[in-house]
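Visitor:
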Amino acid sequence: MKNRIITILALAMMLGVTSCHEEADVQMNYSQNDKVSFLEAYDSYAGKFRVLWNAININYGLWDYEADCGVDWDDVYKEMLPKFQELDSLDQVPDTLLQRLLNEMIEPLHDGHMTVTVINHKTNTPVLVSPSALRNVQRADVEEVRSFETSLKAYAENKELSDYKAETTMAIDLFYSMNYTEGIGFQWAKAKAEELSVKSDLTAKEATTLVGLKGFLAEMTSIQNYVKQGGINKEIIDAYNNVVLKYTYLNIPFLESIDPEFVDSGVRVTFGQFNDGIVYFSTNHFRLSAYLDSSFFNEKFGSADTHTLAQADMIKTVWSSWFNAIQRLYKAGKLKGVIVDVRNNGGGYQSDTRYLLGCLQPAGGFQIGYSRFKRGLGRYDYSPMMPNIMLTMDEEHVIVNDVPVVVLTNLNSVSMSEMTALTCKQMPNGCVIGRRSWGGVCGLTSNDSFSTDYAGKIGIEGVTPVAVYLPTQCNFDMNKKSMEGIGVEPDIEVAYDRKKFTSTGYDSQLDRALEYIRSKN
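The opening position of the sequence shown corresponds to residue 3 in the numbering used here, with each subsequent residue numbered one higher.
As structure tokens, then:
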């Protein structure tokens, strides 16, 4: 997703995009920081609206679906432009007012990935809008995902299974551990500095240590403040690692550098093997390809230190244990069922399908529906529908088509999690259990294809006055029906029972999957 952006140099005039415009439109380059494209949006709210409306009008790929849902984008222009023009007459425009108008403008759209960011030039604050978030917060099951937590601990303690875990979400976990855990890292340094500060007879070594500790604490506090403002990213981790290296001589307990690759590639995986031959696998992100694909792994971790490589190898080990258990049990006639848990999984690499449901099916790919692209400047200029083929494993493996395969989903199953659920629905032995997914099935790629597909990310978040995270590939089910803003319906709907989990450690949705496999019902 971070490949070089190809600049579009389209200067042809485009007539009559919409009856709302009195003048003709020029096709603008919205894929990067083109000052001509975003010129009127820098210091005018009406300008922001026009840029945002036109960019979405040209680059969005679901206008026929939106029309079926009752959305008239031309009416949005007529109704909303005067409201944004009114903002230009105000001396002060609070973020809440801009937020309200953007919500009103964007909420009717159904794309599950779309995020709009508009910088309020009077406050210099980015204002974010997500139509799917506005829609899903109203769902009855939203409280379930807010309190969602699951673990195999109770099952293991009752000797129902053996489980194995690994994670590389170290960019976040290690950072917070090193900064906020008593007795190590920042907290140890703080206590040590306080101890030395009250001593009246410091040795030369202690005095030097105190100076170093104060420097370390000051720099780490600055980094912590940046994290509070903008979260953790690679730049933050690089700054953190520089501080770790600079103050190595202080011998601060457990203070370790963090591989910046874990910011984008961190993943948590769990494999469980139940005593009766049911195997379970969960992942919180679709990032397995970074660990299981050798070329991908070398690109990400080719020059990594031994500590990073050891952590990365654990992901391989857990997945291999799950895969090998399926192979071994199936060949012995003892595989009773497979469970793939993608609850609270926000998506990721489409190539990961090879390592989950794709390793249960024949090589050569598996059709789960249809796809199309935006292929022109007109609102309804789409490519033909094409089969949407999910990758399957090429290496030799058993074909699991005669024992139950269950995919667990909930409201926070998004993107590739939803594609996994769709894949499961097309399998003759598949069953989706849990709750309806998020509703963001369309796919995202880099902007490299912007000049041919007329779709992709609009602007640069935090740089251009308007930016939109927008899909390039529109996906549909086998009936060529869109699920954007709706999600994938489970075959068996089951609520997540937080009280049950809190009191017993047992997971109501996982328990229903086990019941389905064991009873075939």
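A virtual CB, placed ideally from N, CA and C, is assigned to each residue, including glycine.
In its own chain, which residues sit with a C-beta less than 6 Å from the C-beta of T119, not counting the 5 before and 5 after it?
Guide: Here the set comprises P128, L130, E463 and A469.
Visitor: How is the beta strand (DSSP E) around Y471 delimited, first residue to last?
Guide: V468 to Y471 is the span of the beta strand (DSSP E), which, as asked, contains Y471.
Visitor: Express the C-alpha separation of T310 and N227 in angstroms, rounding to a whole number.
Guide: If I take the Cα positions, the gap works out to 26 Å.
Visitor: Near Y382, what residues of its chain come up, given a Cβ to Cβ distance below 7 Å and the 5 sequence neighbours on each side ignored?
Guide: So the list reads W65 and D66, once near-sequence residues are dropped.
Visitor: For Q189, which three-state DSSP category applies?
Guide: Note: Q189 maps to helix in three-state DSSP.
Visitor: Exposed or buried, what is P364 when buried is set at 16 or more other beta-carbons lying within 10 Å of its beta-carbon?
Guide: Looking at its Cβ environment, which holds fewer than 16 other Cβ atoms inside 10 Å, P364 is exposed.
Visitor: Between which two residues does the beta strand (DSSP E) carrying L362 extend?
Guide: Neither: L362 is in no beta strand (DSSP E) and is coded neither H nor E.
Visitor: Kindly indicate the opening and closing residues of the alpha helix (DSSP H) around E88.
Guide: Counting along the chain, the alpha helix (DSSP H) containing E88 begins and ends at W75 to L89.
Visitor: Could you tell me whether the stretch 367 to 380 touches the stretch 311 to 320, where touching means 3 or more Cβ pairs closer than 8 Å?
Guide: They do not touch, by the three-pair rule.
Visitor: Taking I488 as part of the beta strand (DSSP E), name the residues at either end of that continuous run.
Guide: Careful: I488 lies outside any beta strand (DSSP E) and carries neither H nor E.
Visitor: Excluding five sequence neighbours on each side, which residues of the same chain lie with their C-beta closer than 7 Å to the C-beta of V206?
Guide: This sequence places Ala at residue 206; Val is not what is there. Excluding residues within five positions, none has a Cβ falling inside 7 Å.
Visitor: Residues in the same chain with beta-carbon distance under 7 Å from F40, minus the five sequence neighbours each way, listed in chain order, please.
Guide: Excluding residues within five positions, the ones whose Cβ falls inside 7 Å are V53, G461, T466, P467 and V468.
Visitor: Going by Cα to Cα distance, which pick from E398, K201 and K522 is closest to N431?
Guide: Of the candidates E398, K201 and K522, the one whose C-alpha sits nearest the C-alpha of N431 is K522.
Visitor: For the beta strand (DSSP E) holding K167, just list the boundary residues, first then last.
Guide: Run containing K167: L163 to E169, per the beta strand (DSSP E) assignment.
Visitor: F276 lies in the beta strand (DSSP E); which residues open and close that run?
Guide: That run of the beta strand (DSSP E) goes R270 to F276.
Visitor: Can you tell which of L446, Q428, S505 and L219 has the C-alpha that lies nearest to the C-alpha of C476?
Guide: It is L446.
Visitor: If you compare alpha carbons, which of F51, L111, W75 and I60 is closest to D90?
Guide: Of the listed residues, the one whose Cα sits closest to D90 is F51.
Visitor: Taking the beta carbon of Q94 as the centre, do at least 16 other beta carbons fall within 10 Å, making it buried, or is it exposed?
Guide: With fewer than 16 Cβ atoms within 10 Å of its Cβ, Q94 is classed as exposed.
Visitor: Do you know offhand how far Y518's Cα is from L176's?
Guide: Rounded to the nearest angstrom, the two C-alpha atoms are 39 Å apart.
Visitor: Assuming C426 is part of the alpha helix (DSSP H), what are its boundary residues?
Guide: Here the alpha helix (DSSP H) through C426 covers M418 to Q428.
Visitor: Just tell me which of E237, Y251 and D261 has its CA closest to the CA of T210.
Guide: Minimum Cα distance to T210 is reached at Y251.
Visitor: Going by CA-CA distance only, name the one from N346, Q313 and K124 that's closest to L100.
Guide: Taking only the C-alpha atoms, the option nearest L100 is K124.
Visitor: Using DSSP with H/G/I as helix, E/B as strand and the rest coil, what is P528?
Guide: Missing from the structure shown is residue 528; the chain here goes from 3 to 523 and no further.
Visitor: Is the Cβ-Cβ distance between L472 and I435 less than 7 Å?
Guide: Not closer than 7 Å, so no.
Visitor: To the nearest angstrom, report how far apart E25 and F478 are at their CA atoms.
Guide: Bear in mind that a pLDDT of 42 at E25, under 50, signals an unreliable position, so the number given afterwards is only what the model happens to contain. Using only the alpha carbons, I get a separation of about 36 Å.
Visitor: Output needed for G371: all residues of its chain with C-beta closer than 7 Å, excluding positions within five of it in sequence on either side, in chain order.
Guide: These residues qualify, in order along the chain: N390, L424, N477, F478, D479 and M480.
Visitor: Can you tell me whether L212 is helix, strand or coil according to DSSP?
Guide: Three-state result, L212: helix.
Visitor: So for A515, helix, strand or coil by DSSP?
Guide: DSSP places A515 in helix when its eight states are reduced to three.
Visitor: Starting from the C-beta of F325, find all residues in its chain whose C-beta is less than 7 Å away, skip the five residues before and the five after it, and write them out in chain order.
Guide: For F325, where only same-chain residues beyond five positions count, the Cβ hits under 7 Å are C361.
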